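Counting with UniProt numbering, you get residues 1 to 276 for the letters of the sequence shown. Worksheet: the structure to be examined is printed underneath.
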Amino acid sequence: MEIRHTTNPTDMRQYTTERLRSEFLMESLFVAGEMNMVYSHYDRVVTGGAIPTSSPVLLEDKETLKTDYFLERREVGIINIGANGKVMVDGEEYTLAKRDCLYVGLGNKEVTFHSVDPSEPAKFYFVSSLAHKNYPTKKIPIEDATPIKLGSDSQSNNRTIYQYIHNDGIQSCQLMLGMTLLEPNNMWNTMPAHLHDRRMEVYLYFDLDQDARVFHLMGEPSETRHLVVKNEQAVLSPPWSIHSGVGTNNYTFIWAMAGENYTFTDQDPVNMNDLK
Numbered sequence: 001m002e003i004r005h006t007t008n009p010t011d012m013r014q015y016t017t018e019r020l021r022s023e024f025l026m027e028s029l030f031v032a033g034e035m036n037m038v039y040s041h042y043d044r045v046v047t048g049g050a051i052p053t054s055s056p057v058l059l060e061d062k063e064t065l066k067t068d069y070f071l072e073r074r075e076v077g078i079i080n081i082g083a084n085g086k087v088m089v090d091g092e093e094y095t096l097a098k099r100d101c102l103y104v105g106l107g108n109k110e111v112t113f114h115s116v117d118p119s120e121p122a123k124f125y126f127v128s129s130l131a132h133k134n135y136p137t138k139k140i141p142i143e144d145a146t147p148i149k150l151g152s153d154s155q156s157n158n159r160t161i162y163q164y165i166h167n168d169g170i171q172s173c174q175l176m177l178g179m180t181l182l183e184p185n186n187m188w189n190t191m192p193a194h195l196h197d198r199r200m201e202v203y204l205y206f207d208l209d210q211d212a213r214v215f216h217l218m219g220e221p222s223e224t225r226h227l228v229v230k231n232e233q234a235v236l237s238p239p240w241s242i243h244s245g246v247g248t249n250n251y252t253f254i255w256a257m258a259g260e261n262y263t264f265t266d267q268d269p270v271n272m273n274d275l276k
């Protein structure tokens with residue numbers, strides 16, 4: 001597991017593009033037959049990707065976490081972004097089609113990822129945060145997620161937000177997770193921008209063509225920077241940073257949050273005049 005430390009926003013103003021990418025961009029989460037994870041000191045969030053092929057992949061990293069099993073002190077939200085797959089949780093099987101979500105709570109000892117057809121593997125994306133109590137393991141297909149329509153074609157941000165793990169959906173300790181789908185010919189997300197200094201956030205961009213890119217905007221409102229992001233790459237967003245993006249075409253992204261509170265609407269709007 002790769003480890004990323006927190007960053008002072010004042011220091012970030014001096015970062016080169018290479019340093020900015022090494023601190024915040026996760027470029028290689030998805031490798032066939034492997035599991036790759038990044039441990040962030042922002043709210044101790046673990047972000048990972050797994051592509052099981054001929055053999056299942058076990059959710060485990062005892063050396064980094066110093067626990068007997070991964071979810072001994074944690075919870076995890078999982079979304080499949082590939083072909084059909086299965087997740088086994090302490091012997092119980094959950095089948096996930098593309099864009100289905102599974103929440104697995106504190107105390108479950110063995111979680112393994114499987115592809116239904118190894119020649120067309122599943123791609124499991126997951127985000128894990130610290131937990132203080134057990135909530136039931138629960139699957140929610142995208143059809144049952146809470147949809148919120150936002151934006152307009154005139155602003156190039158016509159999109160649907162699907163909430164999976166949140167106060168009125170799947171219950172968790174502190175993890176919130178959902179997915180945003182932009183309609184064709186719409187490229188902007190989270191603009192006007194906002195902050196939530198009580199929570200960090202992670203964005204995974206996917207459903208992008210090979211040559212398409214998202215320009216992810218981050219940084220303090222008065223000191224913005226950008227990352228050029230490819231398909232199936234993720235970005236760590238500190239609590240003090242905006243998190244917005246514009247693509248060369250429409251795309252889908254998964255957002256996940258963890259931190260001080262459990263209120264999706266806890267956001268501090270940023271006035272457009274304050275963006276620089």
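By construction, the Cβ of each residue, glycine as well, lies at the ideal position given by its N, Cα and C atoms. Source: prediction; values computed, not measured.
- Under the 10 Å beta carbon count, His-166 is surrounded by 16 or more other beta carbons and is classified as buried.
- Here the alpha carbons of Met-218 and Ser-22 stand approximately 14 Å from one another.
- In the structure shown, Leu-217 adopts extended strand secondary structure according to DSSP, grouped into three states.
- A contact between stretches requires three or more CB pairs, one per stretch, nearer than 8 Å, and the stretch 147 to 154 fails this requirement with the stretch 198 to 212.
- Judged by DSSP secondary structure, Leu-71 falls outside any beta strand (DSSP E); it is assigned neither H nor E.
- Taking a C-beta distance under 7 Å as the contact criterion, Lys-138 and Tyr-103 qualify as a contact pair.
- No Cβ-Cβ contact shorter than 7 Å links Val-246 with Tyr-203.
- Excluding residues up to 5 positions away in sequence, Thr-112 lie with their Cβ nearer than 6 Å to the Cβ of Met-88 in the same chain.
- Shown here for Met-272: same chain residues with a beta carbon closer than 7 Å to its own, the five before and five after excluded, namely Pro-192 in chain order.
- Inter-residue distance for Ser-55 and Gly-85 is about 12 Å (C-alpha atoms, whole angstroms).
- Around the beta carbon of Ala-145, 16 or more other beta carbons lie within 10 angstroms, which makes this residue buried.
- His-194 and Asp-266 have their C-alpha atoms roughly 10 Å apart.
- Counting along the chain, the unbroken beta strand (DSSP E) around Thr-224 starts and ends at 223 to 229.
- Taking 8 Å as the upper bound for CB-CB distance, Ile-140 and Ile-161 are not in contact here, some 14 Å apart.
- The three-state reading of DSSP puts Met-12 in helix, counting H, G and I together.
- Judged by DSSP in its simplified three-state form, Thr-17 adopts helix.
- Look at Ser-172 here: in three-state DSSP terms it is coil, with no helix or strand label.
- Glu-93 and Glu-110 have their C-alpha atoms some 12 Å from each other.
- Between Gly-91 and Asn-134, the CB-CB gap reaches or exceeds 7 Å.
- The DSSP-derived three-state label of Ile-81 is coil.
- Contact annotation: Thr-6 and Tyr-42 have beta-carbon atoms nearer than 7 Å.
- Ranking Thr-248, Val-76 and Ile-3 by CA distance to the CA of Asn-185 puts Thr-248 first.
- Distance from the Cα of Arg-4 is smallest, within the candidate group Ser-244, Pro-238 and Phe-264, for Pro-238.
- Between the stretch 49 to 64 and the stretch 253 to 270 there are fewer than three inter-stretch CB-CB distances shorter than 8 Å, so the stretches are not counted as touching.
- The beta-bridge partner set that DSSP reports for Met-26 consists of Ala-234.
- Rounded to whole angstroms, the gap between the alpha carbons of Glu-143 and Thr-64 is 36 Å.
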